[in-house]
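Numbering (my numbering), first residue to last: 6 to 420.
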């Protein structure tokens with residue numbers, strides 16, 4: 006069994022890249038929280054685009070943004086760390102600038118802006134994970150990755166609340182939100198770049214000469230399973246509001262309460278749960294996450310059969326179990342990839358993992374909205390069955406190698 010990591014906030018900040026980098030993550034998340042939930046509204050309200058054109062533009066930006074991941078992986082494998090993180094933030098500054106410059110009715114510029122925002126959003130997780138994997142190792146790295154996710158969710162939540170408070174200002178307020186988002190990304194990029202974390206190129210040379218650690222892990226079952234696992238991230242935002250509205254005719258208050266509870270639980274429990282799970286193998290923990298998620302989907306199936314009176318409270322209760330499954334999944338999945346990948350191919354391994362994550366996030370809304378009209382059994386039964394299959398695939402896949410620790414070159418002061 007693995008050694009359990011103790012929860013020490015100062016050590017956690019250092020393992021996450023240092024205080025400056027933590028501030029960069031918070032500012033970046035705040036900016037994303039300001040704009041991401043209202044990008045659709047910006048297209049509809051400010052640019053006066055049709056709903057189909059706006060949705061297609063946003064989806065195209067996300068999907069095409071995934072095409073940058075192989076290049077990001079190769080860049081990371083050349084040793085870049087904080088530079089790639091800063092670049093992922095700067096490209097979103099360009100996206101916001103294009104958004105502000107887009108004239109009314111121009112769907113192509115809007116789609117281009119969404120593309121640059123999508124590139125930044127897709128590149129950031131892999132770059133961040135590679136940076137943390139360079140400055141922290143073992144179970145300390147797992148806790149640092151969990152801490153980064155908790156901090157990011159807190160920033161996203163605060164940003165979304167601020168954006169909601171500004172929505173009464175109409176078109177002008179949405180444009181102001183976009184401008185503030187661009188400034189937040191620019192500030193975060195400067196802070197991230199100033200950390201100066203770089204993996205020494207000698208790491209790749211040394212790793213390539215070690216036959217035991219040379220091959221990149223294929224992780225085929227893990228990557229395929231991850232496409233199914235990430236559906237859980239869209240359950241509170243898409244599946245539950247859709248079910249509560251169309252199948253249970255429940256008040257929108259329930260959807261809002263579930264979303265807020267999900268955010269609060271992730272912020273408060275992500276690190277403690279990850280630390281608690283550190284006594285078990287990462288692959289076993291990831292398989293357990295699939296079992297918990299599948300159980301929650303079956304719980305939703307049972308809750309929706311209770312009718313209008315007790316159905317909504319039951320769905321809200323089961324959503325807590327789903328969030329726990331999400332927390333276990335998020336705390337073990339990226340950590341498992343960083344543990345499996347040799348140092349010289351860490352960037353490419355993380356890029357492949359992000360491709361599977363991005364693909365799952367892109368297709369899950371379509372799958373959920375297609376299954377939901379066919380009834381609760383079609384939606385939740387299908388999700389439960391496929392998630393259990395994914396968990397089984399994760400549990401039975403054989404590990405093909407271990408990750409080497411890289412040599413680090415970074416600025417010691419103020420990091």
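Heads up, the beta-carbon is just placed ideally off N, CA and C, and yes, glycines get one too.
query	result
Reducing DSSP to helix, strand and coil, say where residue 204 ends up.	strand
Measure the C-alpha to C-alpha separation of residue 403 and residue 147 and round it to an integer number of angstroms.	21 Å
Drop a sphere of 10 angstroms on the beta-carbon of residue 174, count the other beta-carbons inside from all chains shown, and report buried for 16 or more, exposed for fewer.	exposed
Got a sec? Which residues, its chain only, sit under 7 Å from residue 51 by beta carbon, not counting five neighbours each side?	176, 179, 180
Would you mind stating whether residue 59 and residue 49 have Cβ atoms separated by less than 7 Å?	yes
Taking the continuous alpha helix (DSSP H) assigned at residue 26, which residues delimit it?	24-40
Let me make sure I understand the geometry here. Which of 191, 199, 67 has the alpha-carbon closest to that of residue 119?	67
Please confirm if the segment 340-356 is in contact with the segment 306-319, defined as three or more CB-CB distances below 8 Å between the two stretches.	no
So, for residue 388: in the same chain, excluding its five sequence neighbours on each side, which residues have a beta-carbon less than 6 Å away from its beta-carbon?	302
Taking Cβ to Cβ, would you say residue 352 is nearer than 7 Å to residue 33?	no
Can you say whether residue 170 is buried or exposed, counting buried as having 16 or more other CB atoms within 10 angstroms of its CB?	exposed
So the alpha helix (DSSP H) residue 82 belongs to, where does it begin and stop?	74-82
Tell me the DSSP secondary structure of residue 255 in three-state form.	coil
I need the DSSP call for residue 141, collapsed to helix, strand or coil.	coil
Quick one, are the C-beta atoms of residue 235 and residue 158 less than 7 Å apart?	no
Does residue 110 pass the burial test, meaning 16 or more other C-beta atoms within 10 Å, or should it be called exposed?	exposed
Between 394, 162, 307, which has its C-alpha nearest residue 380's C-alpha?	307
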